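Participant: Protein sequence lines correspond, in order, to chains A and B.
What the first sequence shows, in this note's numbering, is residues 1 to 117, in sequence order.
What the second sequence shows, in this note's numbering, is residues 118 to 231, in sequence order.
Backbone N, C-alpha and C define an ideal beta-carbon position, used for all residues, glycine too.
Computed from a prediction, not measured in an experiment: that's the story for all the values here.
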Amino acid sequence: AQSVSQHNHHVILSEAASLELGCNYSYGGTVNLFWYVQYPGQHLQLLLKYFSGDPLVKGIKGFEAEFIKSKFSFNLRKPSVQWSDTAEYFCAVITNAGGTSYGKLTFGQGTILTVHP
Amino acid sequence: NAGVTQTPKFRVLKTGQSMTLLCAQDMNHEYMYWYRQDPGMGLRLIHYSVGEGTTAKGEVPDGYNVSRLKKQNFLLGLESAAPSQTSVYFCASGPVRTSYNEQFFGPGTRLTVL
Chain A
1 AQSVSQHNHH VILSEAASLE LGCNYSYGGT VNLFWYVQYP GQHLQLLLKY
51 FSGDPLVKGI KGFEAEFIKS KFSFNLRKPS VQWSDTAEYF CAVITNAGGT
101 SYGKLTFGQG TILTVHP
Chain B
118 NAGVTQTPKF RVLKTGQSMT LLCAQDMNHE YMYWYRQDPG MGLRLIHYSV
168 GEGTTAKGEV PDGYNVSRLK KQNFLLGLES AAPSQTSVYF CASGPVRTSY
218 NEQFFGPGTR LTVL
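1) Quick one: which chain A residues come within Cβ less than 9 angstroms of glycine 120/B?
2) Consider the Cβ of tyrosine 206/B: report whether some Cβ of chain A lies at a distance smaller than 8 angstroms.
3) Applying the criterion that 16 or more other CB atoms from any shown protein chain within 10 Å of the CB defines a buried residue, is lysine 131/B buried or exposed?
4) Where does the unbroken beta strand (DSSP E) through glutamate 20/A begin, and where does it stop?
5) Taking the alpha-carbon of tyrosine 206/B as reference, which of Gly168/B, Met144/B, Leu138/B and Phe221/B has the nearest alpha-carbon?
6) From the beta carbon of glutamate 196/B, is the nearest beta carbon of chain A less than 8 angstroms away?
7) Taking all protein chains shown into account, do 16 or more other C-beta atoms lie within 10 angstroms of the C-beta of aspartate 85/A, making it buried, or fewer, making it exposed?
8) So that I know if they touch, is there some Cβ in chain B lying closer than 8 angstroms to that of glutamine 109/A?
9) Across which residues does DSSP place threonine 132/B in a beta bridge pair?
10) Closest to aspartate 143/B by C-alpha separation, out of Phe127/B, Ser166/B, Asn118/B and Leu228/B, would be which residue?
11) Below 8 angstroms between beta carbons: does that hold for glycine 223/B and threonine 122/B?
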C-alpha cells in the first residue's frame with residue numbers, strides 16, 4: 001500500500017526565515033500531489049497541487065513545491081515565513097490518478113509549523 | 118455555492134450511544150469521502166463513495182457505517198460510540214476526471230466520546 005512520510009513533526013522558525021518541509025511517498029506509478037494547510041481551529045485548505053507538467057508548482061501565500069520524481073519527493077518551500085503561517089501542513093498523494101484510485105487521498109502525518117514574531 | 122457542509126459542528130456522546138454525521142455538497146460531485154483526523158496521524162480514510170447508492174471501505178472502517186442515498190449527501194453513522202472514536206471528522210467530495218483528481222473539504226465535526 002502507498003504511504004506518505006513527512007520528515008518533521010514540529011518546525012519552529014522566526015519570522016523571515018526560509019522554510020522547507022519534506023514529503024516523500026512510496027508509489028511508482030502516476031501520482032497527483034497536494035499540500036494542504038490547516039490553521040488553528042479551521043478546516044483544510046489547499047495550498048498547491050501537482051498533476052503534470054512543470055515540476056515546480058506555485059501556490060497561494062507565496063508557497064511553492066517541487067516534484068522530484070526520481071526521489072519520490074514533493075517538498076514545500078517558502079523563502080520568508082510570517083507569523084500568520086503558523087499552522088499544520090499536510091502532504092497528500094493520489095495514486096493511479098484518474099484510474100481506479102477514485103481520487104482517494106493518502107495523507108502524511110502532518111508537520112506543525114510555529115513561527116515566532 | 119456552499120461547497121461542502123457538515124452537520125453538526127460539535128458533538129459529545131457517551132459510550133454506546135449512536136449518532137449520524139451529515140455531509141452535503143452542492144457541486145454535483147460523484148465522489149465523496151469521510152476522513153478522521155487524529156494528532157500525529159494525519160487524516161485517514163474511513164469510507165468513500167463513487168456514486169449514488171455505492172459505498173466502499175477505506176483504511177479505518179471498523180465501527181462506522183455510511184450511506185449515499187442521494188448524490189449530494191453522504192452520511193456517516195456510529196452505531197455504538199467508543200472513546201477511540203473521539204476525533205475530528207472531515208467530509209470531502211470530488212469530481213470524476215480522467216487524468217487527475219481533486220477533493221474539496223468540509224469544515225469538520227469535532228466528536229468527543231466519553
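Facilitator: Quick answer:
1) The premise fails here: glycine 120/B is roughly 10 angstroms from chain A at the closest Cβ pair, so nothing lies under 9 angstroms.
2) no
3) Result: exposed.
4) 19-21
5) Leu138/B
6) no
7) buried
8) yes
9) According to DSSP, threonine 132/B bridges with nothing at all.
10) Asn118/B
11) yes
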